Amino acid sequence: MTTRRNFLYLVSAGTTATFFGSATARAWATPAVATATTTDVFRVPPLTYDYNALEPHIDAATMKFHHDKHHAAYVKNLNTAVNKYPQLKTKTVEQLLTNLDKLPKDIQTTVRNNGGGHLNHSMYWQIMGPKAGGAPTGAIATAITTQFGSYDTFKTQFNEAGTKLFGSGWVWLVTDRNKLKIMTTPNQDSPISQGLYPIMGNDVWEHAYYLTYQNRRPEYLAAWWNVINWTEVNNRFDRALKV
Ligand code: MN3
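So the sequence shown is numbered by my numbering: it starts at 959 and just counts up by one.
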C-alpha cells in the first residue's frame, strides 16, 4: 500500500525516490525516453516490418489494428496518467511497473494496465518477424533443452498454459533466479511487476487472433511459433541473465 507519506514524497519535487533506484530496475530499463514536461513521453514504437509480413500466421488487418489502435490506446492512457505527475515522466515504463505500489494511488491501476500493455506489446512486436520461426538457436536453445527436455516439450507446455488461461492475458517464458519458467498473467500484468524477466510472451487476448482464428486460440498459439525471431529472444535472454 502506498502510504500518505511516500505519496507526498513522490509528488513533491526533488531527488529521485529511492524506491526507483534498485539495481534490478536499472538493469531492466530501456533508456529514458525523454525529459520533456509538456509532451507525452511514451510512444508506440514503429513496427520494423510490414503489417502483412507475418502472414499467413498473423493477418495484416490484425497487425494494423493491434499495433495502431490497441497499443496506441495503452500508450495514450499511460501518458494521460503520467502527465498528472510530471516527476514521473523521467521514469521508464519498467521502473513504473516495478514500483506500482509506490505510485500515486489514483494512477496505480491505470499504469498497471496501460504501462503493462505498452511494455508487453513493445516486446511482442520485437520477438516476431518475417522469415522467422523454426527451431530455436543460440543460448536459449540450449537452455530450453536443459530445462524442458526438448523444444517440442517446451512448446507443448507453453501452448497448454496459453490455452488454459481463462479470459484475456499473456503466456510467458521468464527467468526466475536464472531458471526458465512458463507462466501466465491476466490482463496486461507484466512479469516484471513480480520481479521476473520476460524472455518471450504471447498475447492471448482475442484481439490478437480473432480475425483469422475466431475462437480457436490453440491454433493461433501453434501458428505463432512460425514467426518467432529467435535472435531477439536470445538478446532478451542475454539481458535477463545480466540482471
Ligand atoms: Mn494485445
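Heads up, the beta-carbon is just placed ideally off N, CA and C, and yes, glycines get one too. Predicted model, so just to flag it, every value in this text is computed and none were measured.
Cβ of residue 1015 versus every heavy atom of the ligand MN3: is any distance shorter than 7 Å?
no
Determine the direct distance from the alpha carbon of residue 1082 to that of residue 968, and round the result to whole angstroms.
Unreliable positioning characterises residue 968 in this predicted model, as indicated by a pLDDT of 32, which lies under 50. A coordinate reading is not provided.
Quick check: does the Cβ of residue 1166 come within less than 7 Å of any heavy atom belonging to the ligand HEM?
Absence of the ligand HEM from the depicted structure is noted, with the ligand MN3 being the only ligands included.
Measure the C-alpha to C-alpha separation of residue 1067 and residue 1115 and round it to an integer number of angstroms.
30 Å
In this structure, does DSSP put residue 980 in helix, strand or coil?
Its pLDDT being 40, under 50, residue 980 is placed unreliably in this model, and the coordinates cannot settle the point.
Determine the direct distance from the alpha carbon of residue 1050 to that of residue 1187, and round the result to whole angstroms.
25 Å
Do you know whose CA, among 1002, 1184 and 1196, lies nearest residue 1075's CA?
1002
Just checking residue 1147 against the ligand MN3 - is the residue's beta carbon closer than 7 Å to any of the ligand's heavy atoms?
no
Helix, strand or coil for residue 1163? Go by DSSP, reduced to three states.
coil
I need the straight-line Cα distance from residue 1057 to residue 1135, nearest angstrom please.
19 Å
Once the 5 residues before and after residue 1079 are set aside, which same chain residues still bring their CB inside 6 Å of it?
1029
Once the 5 residues before and after residue 1077 are set aside, which same chain residues still bring their CB inside 8 Å of it?
1051, 1052, 1055, 1148 and 1150
Leaving out five residues on either side along the sequence, give the residues of the same chain with a beta carbon under 7 Å from the beta carbon of residue 1121.
Closer than 7 Å at the Cβ level, and outside the excluded window around residue 1121, lie 1175, 1176 and 1179.
List the whole-angstrom C-beta distance separating residue 1152 from residue 1071, where the pair is believed to meet the contact cut-off of C-beta under 8 Å.
Your pair residue 1152 and residue 1071 does not check out as a contact, with CB atoms roughly 16 Å apart and the cut at 8 Å.
For residue 1161, count neighbouring C-beta atoms within 10 Å of its own C-beta (all shown protein chains included) and say buried if the count is 16 or more, exposed if not.
buried
Give the range of the beta strand (DSSP E) segment to which residue 1127 is assigned.
Where residue 1127 is concerned, the enclosing beta strand (DSSP E) starts and stops at 1127-1134.
Classify residue 1156 as helix, strand or coil using the three-state DSSP reduction.
strand
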